[in-house]
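As structure tokens, the structure follows; a few thoughts come after it.
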Amino acid sequence: MTTTKKVPAYAAQSATSGLAPLSIMRREPSPEDVEIEILFCGICHSDLHSVRNEWSEFMATNYPIVPGHEIVGRVTRVGSAVTKFKAGDVAAVGCMVDSDGTCPQCKAGLEQFCPNMILTFNSPDKHLGSFTYGGYSSGIVVDEHFVLRVPFNLNLAGAAPLLCAGITTYSPMHHWGVTKGKKVGVVGLGGLGHMAVKFAHALGAHVVVFTTSPNKKEDALRLGADEVVVSRNADEMKKHAGSFDFILDAVSADHDINAYINLLGIDGNLTLVGAPAKPLSVPAFGLIARRRSFSGSMIGGIPETQEMLDF
Numbered sequence: 028m029t030t031t032k033k034v035p036a037y038a039a040q041s042a043t044s045g046l047a048p049l050s051i052m053r054r055e056p057s058p059e060d061v062e063i064e065i066l067f068c069g070i071c072h073s074d075l076h077s078v079r080n081e082w083s084e085f086m087a088t089n090y091p092i093v094p095g096h097e098i099v100g101r102v103t104r105v106g107s108a109v110t111k112f113k114a115g116d117v118a119a120v121g122c123m124v125d126s127d128g129t130c131p132q133c134k135a136g137l138e139q140f141c142p143n144m145i146l147t148f149n150s151p152d153k154h155l156g157s158f159t160y161g162g163y164s165s166g167i168v169v170d171e172h173f174v175l176r177v178p179f180n181l182n183l184a185g186a187a188p189l190l191c192a193g194i195t196t197y198s199p200m201h202h203w204g205v206t207k208g209k210k211v212g213v214v215g216l217g218g219l220g221h222m223a224v225k226f227a228h229a230l231g232a233h234v235v236v237f238t239t240s241p242n243k244k245e246d247a248l249r250l251g252a253d254e255v256v257v258s259r260n261a262d263e264m265k266k267h268a269g270s271f272d273f274i275l276d277a278v279s280a281d282h283d284i285n286a287y288i289n290l291l292g293i294d295g296n297l298t299l300v301g302a303p304a305k306p307l308s309v310p311a312f313g314l315i316a317r318r319r320s321f322s323g324s325m326i327g328g329i330p331e332t333q334e335m336l337d338f
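Heads up: the sequence shown begins at 28 in our numbering, then just goes up one per residue.
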């Protein structure tokens with residue numbers, strides 16, 4: 028029988044309630060576990076979607092729900108089989124806390140695509156028999172494989188959003204080979220978009236930000252953009268037709284995806300990381316004519332997330 032202890036947290040009891048204090052149960056560390064005192068937890072928009080049960084068709088919310096999957100803290104205890112962490116270390120936990128470890132995806136370091144992947148909150152908890160609770164709490168216990176090292180030079184509060192927004196934008200750039208000399212577009216300059224600009228700039232790409240808000244130009248340039256295009260300006264958009272190697276679309280509001288597909292060059296890719304509520308319409312010849320591709324991406328595996336933190 029798994030032994031437990033109570034820890035304070037903030038939880039929502041329904042789709043219409045706010046967050047309120049709640050005592051939750053955390054398991055005592057097993058030999059493979061790391062216990063972490065949570066110092067910082069980022070606020071991701073998916074926390075709000077989950078609290079409001081707005082993604083019920085994809086993943087219905089189980090109440091009470093304790094959100095939070097951008098966790099940075101200090102190790103307080105480790106199990107007898109743990110080798111990578113010790114008490115006092117700074118550590119992080121992202122969007123996942125478990126997977127089956129045996130499927131091809133897990134063996135390839137792509138745990139986010141494991142059919143038995145366990146999310147940090149609102150997933151079945153195989154240890155306690157309820158549902159997992161996230162980082163809006165004072166502490167968490169996680170299998171060592173899903174705990175990440177935080178480099179000493181990172182600001183701890185600033186590191187927290189890297190664990191979702193950061194890896195969500197870094198992973199597709201890594202997958203599609205964004206490097207020096209590539210022309211990269213970033214659609215939207217919100218939570219995901221500003222991370223994408225910083226990573227693309229750091230990777231050496233020529234970065235163009237697309238925004239509907241002219242007043243975001245200064246911020247985009249400060250973050251590392253080389254150019255800023257107001258997407259409502261047809262003449263500005265036309266100047267970039269057929270010229271991009273890669274475009275990351277971070278907009279979740281309804282918008283015309285074809286306007287950006289038309290900006291891709293031969294073999295160019297557009298990756299969607301925003302999640303518009305309505306289905307997208309993509310004419311086939313917009314892709315076929317230049318061997319373009321249109322794809323999606325979801326966070327990243329544990330090895331890639333560690334690579335991003337170390338970058």
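In this text, a Cβ means the ideal position worked out from N, Cα and C, and glycines have one as well. Just so you know, these numbers come straight off a predicted model, no measurement behind them.
If we count the other Cβ atoms within 10 Å of its Cβ and call it buried at 16 or more, is residue i buried or exposed?
i: GLU331; result: buried
i: ILE288; result: buried
i: MET144; result: buried
i: LEU307; result: exposed
i: VAL309; result: exposed
i: PHE85; result: exposed
Grouping DSSP H, G and I as helix and E and B as strand, with all else coil, what is residue i?
i: ARG319; result: coil
i: GLY193; result: helix
i: MET52; result: strand
i: ILE167; result: strand
i: PHE226; result: helix
i: MET335; result: helix
i: CYS68; result: strand
Whole angstroms are fine: how far does the CA of residue j sit from the CA of residue i?
i: SER320; j: ALA302; result: 18 Å
i: SER157; j: GLU64; result: 22 Å
i: THR239; j: GLU59; result: 48 Å
i: SER41; j: TRP82; result: 14 Å
i: HIS221; j: THR30; result: 42 Å
i: SER57; j: SER164; result: 20 Å
i: LYS130; j: PHE173; result: What sits at residue 130 in the sequence shown is Cys, not Lys. Rounded to whole angstroms, CYS130 to PHE173 spans 16 Å at the Cα level.
i: GLY218; j: PHE237; result: 14 Å
i: VAL99; j: ALA184; result: 8 Å
i: ASN296; j: THR103; result: 44 Å
Got a sec? Which residues, its chain only, sit under 8 Å from residue i by beta carbon, not counting five neighbours each side?
i: PRO178; result: LEU336, ASP337
Name, in chain order, the residues that DSSP records as bridge partners for residue i.
i: MET144; result: For MET144, which the question treats as bridged, DSSP gives no partner whatsoever.
i: PRO303; result: Note: PRO303 sits in no beta bridge, so no partner.
i: PHE273; result: VAL211, ASN296
i: LEU46; result: In the DSSP output, where bridge partners are listed per residue, LEU46 has none listed.
i: HIS233; result: LYS210
Considering only residues of the same chain and omitting the five flanking positions on each side of residue i, which have a CB-CB separation below 7 Å?
i: PRO241; result: VAL257
i: VAL205; result: VAL211, ALA227, LEU230, ALA232, PHE273
i: ARG318; result: ILE293, ASP294
Confirm the yes/no value for this check: CB of residue i, any heavy atom of the ligand NAD, distance under 7 Å.
i: ARG318; result: Only the bare structure without any ligand can be found here, which leaves the ligand NAD out of the picture.
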